[in-house]
Amino acid sequence: MRTPLSWLAGRYSLGARSVRLAALGSVVASIAIIVTGGIVRVTGSGLGCTDWPMCTGETLAPTAEMGVHGAIEFGNRLLTGALCAVVGWVIITARLQEKPMPAVLRGGWAQFWIVVLNAVVGGVTVWMRLSPYIVAAHFLAATLLLTAAVYTWHAAYADADAGADGTGHGAGGEGGRSGARIRSLSTALVAVTALLVLVGTLATGSGPHAGDSSDVARMPFNWTAVTIVHGVLAGAVLVLAGALLSALPKDGFGVARRKAVAFLAVLLGQGLVGLVQSVTALPSLLVMLHLLGSALVWTGVLQVHFTVKRACSSHSGPLSGAPLPRAQGAATHA
20 MRTPLSWLAG RYSLGARSVR LAALGSVVAS IAIIVTGGIV RVTGSGLGCT DWPMCTGETL
80 APTAEMGVHG AIEFGNRLLT GALCAVVGWV IITARLQEKP MPAVLRGGWA QFWIVVLNAV
140 VGGVTVWMRL SPYIVAAHFL AATLLLTAAV YTWHAAYADA DAGADGTGHG AGGEGGRSGA
200 RIRSLSTALV AVTALLVLVG TLATGSGPHA GDSSDVARMP FNWTAVTIVH GVLAGAVLVL
260 AGALLSALPK DGFGVARRKA VAFLAVLLGQ GLVGLVQSVT ALPSLLVMLH LLGSALVWTG
320 VLQVHFTVKR ACSSHSGPLS GAPLPRAQGA ATHA
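Counting in our numbering, the sequence shown runs from 20 upward without gaps.
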């Protein structure tokens, strides 16, 4: 069956740069929607629109009587449309490539359906009057969207990264055990970081900034205890990231090492913001910075993981302990 996209692909093509820019744009937009959702929460605008998908029972947009809170909440809803446009452009640019990019195309469609899911969860959040559990699910759905966006971005840049890392045998001396250790550390780093983000939603749901000035239910957890667990997990992520960086060979894993260093820098900055906000009664600005930091930390750990995984695959022969192939000249003079 011929679709409009297949019809366009038969007549037009776009360069690889276009799909890479589109994929990067989707990452930026996914981070932005997390941050604007946080603005809604810390300004107490979560119920600025009292219904969904309409802002009120009778109007699509907020009325003047609803004030700034209605404007903030409605503005956040409008960003969903902009996000759909960005994701749509990812799908179009991936489809109009001369060389097929199925991974990017799959990532684009995954983002589209996650946007739909998150919009519905956002509506349920309003209907449930900002239940902290639904609010947490809303944030996790946004994080899932960011995951798909980073995957798509990495897939779009995979060829460029491969050229930077090379496909030679620089990591050959590391052996099979070292390769398995690198993969295990990378997987553990992602898993513990995911747990860190999850516990962060529990800390948020147990603390202030419920999202509205009315009496909104909070999670029945001890905020101090949850925050301590959150800090311990952050320390575990720091240790794992340092261990992974130490395990990565300098030869053949240059891109992965640089991304690991960048991740460590973001993680340390995020930890500093988290510590300061915890001892200063959670000021709104620091809460927003910490929310932005959580998105950057998750973006960073995924970039590290995807890059390490691809680098290990490109060195699969030597990293499995296979002998290095002899150069032709050396074989001639042996």
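Virtual Cβ for every residue (Gly too), placed ideally from N, Cα, C.
From residue i to residue j, what distance separates their C-alpha atoms?
{"i": "A80", "j": "M73", "result": "7 Å"}
{"i": "L259", "j": "A266", "result": "10 Å"}
{"i": "V38", "j": "L124", "result": "10 Å"}
{"i": "G44", "j": "S303", "result": "27 Å"}
{"i": "S32", "j": "M120", "result": "13 Å"}
{"i": "G293", "j": "A279", "result": "21 Å"}
{"i": "G319", "j": "E84", "result": "42 Å"}
{"i": "G254", "j": "G63", "result": "31 Å"}
{"i": "V235", "j": "G86", "result": "20 Å"}
{"i": "A314", "j": "T166", "result": "10 Å"}
{"i": "H173", "j": "T82", "result": "42 Å"}
{"i": "S297", "j": "V256", "result": "19 Å"}
{"i": "E77", "j": "G89", "result": "14 Å"}
{"i": "E117", "j": "A35", "result": "9 Å"}
{"i": "L149", "j": "L310", "result": "18 Å"}
{"i": "H157", "j": "P239", "result": "19 Å"}
{"i": "A349", "j": "G273", "result": "Low confidence applies here, because A349 scores a pLDDT of 40, under 50, leaving its location unreliable; read the following figure in that light. Rounded to the nearest angstrom, the two C-alpha atoms are 28 Å apart."}
{"i": "L301", "j": "G226", "result": "9 Å"}
{"i": "V285", "j": "A275", "result": "15 Å"}
{"i": "L66", "j": "R277", "result": "43 Å"}
{"i": "R96", "j": "A155", "result": "17 Å"}
{"i": "H249", "j": "L291", "result": "13 Å"}
{"i": "W132", "j": "I111", "result": "15 Å"}
{"i": "R114", "j": "T212", "result": "33 Å"}
{"i": "N241", "j": "V216", "result": "17 Å"}
Got a sec? Which residues, its chain only, sit under 6 Å from residue i by beta carbon, not counting five neighbours each side?
{"i": "L321", "result": "V169"}
{"i": "Q289", "result": "G312, V316"}
{"i": "V209", "result": "V320, H324"}
{"i": "G189", "result": "Summary for G189: the model assigns pLDDT 39, below 50, so the residue's position carries little reliability, and this model does not support an answer."}
{"i": "R21", "result": "none"}
Give the DSSP-derived three-state secondary structure of residue i in the structure shown.
{"i": "L149", "result": "coil"}
{"i": "R64", "result": "Looking at the sequence itself, residue 64 is Ser, so the reference to Arg does not match. It is a strand residue."}
{"i": "L33", "result": "strand"}
If you drop the 5 nearest sequence neighbours on each side, which residues of the same chain put their C-beta closer than 7 Å to that of residue i?
{"i": "P23", "result": "none"}
{"i": "C331", "result": "G198, I201, R202, L338"}
{"i": "L159", "result": "T220"}
{"i": "M147", "result": "I153"}
{"i": "L136", "result": "A160"}
{"i": "A138", "result": "T99"}
{"i": "T122", "result": "In the sequence under discussion, the amino acid at residue 122 is Ala, which differs from the Thr named in the question. Correct list, in chain order: A174."}
Taking residue i and residue j to be in contact with their CB atoms under 8 Å, please state how far apart those CB atoms are, rounded to whole angstroms.
{"i": "V327", "j": "S197", "result": "That pair is no contact at about 12 Å."}
{"i": "L214", "j": "L263", "result": "That belief does not hold up - the Cβ atoms of L214 and L263 are roughly 17 Å apart, past 8 Å."}
{"i": "W71", "j": "G141", "result": "7 Å"}
{"i": "A42", "j": "T171", "result": "5 Å"}
{"i": "V295", "j": "L287", "result": "So it is not a contact: roughly 13 Å between Cβ atoms."}
{"i": "Q130", "j": "V143", "result": "20 Å between Cβ atoms; not a contact."}
{"i": "M307", "j": "G57", "result": "5 Å"}
{"i": "R60", "j": "P151", "result": "Wrong, their Cβ atoms sit about 11 Å apart, outside the cutoff."}
{"i": "L175", "j": "R329", "result": "Correcting the residue type first, residue 175 is Ala in the shown sequence and not Leu. Going by Cβ atoms, the distance from A175 to R329 rounds to 13 Å, so no, they are not a contact pair."}
Residues in the same chain with beta-carbon distance under 8 Å from residue i, minus the five sequence neighbours each way, listed in chain order, please.
{"i": "V134", "result": "T99, L102, C103, V106, L164"}
{"i": "A207", "result": "L259"}
{"i": "T69", "result": "T75, G76, V145"}
{"i": "F325", "result": "V169, Y170, H173"}
{"i": "G261", "result": "L283"}
{"i": "T299", "result": "L305"}
{"i": "V47", "result": "none"}
{"i": "E92", "result": "V59, S64, G65, L66, G67, C68, C74, P81"}
{"i": "W128", "result": "I110"}
Contact between the segment 232 to 250 and the segment 215 to 224 (3+ Cβ pairs under 8 Å): Three or more pairs of CB atoms, one per stretch, sit closer than 8 Å, so the segment 232 to 250 contacts the segment 215 to 224.
Three or more C-beta pairs below 8 Å linking the segment 49 to 62 and the segment 96 to 113: The segment 49 to 62 is in contact with the segment 96 to 113.
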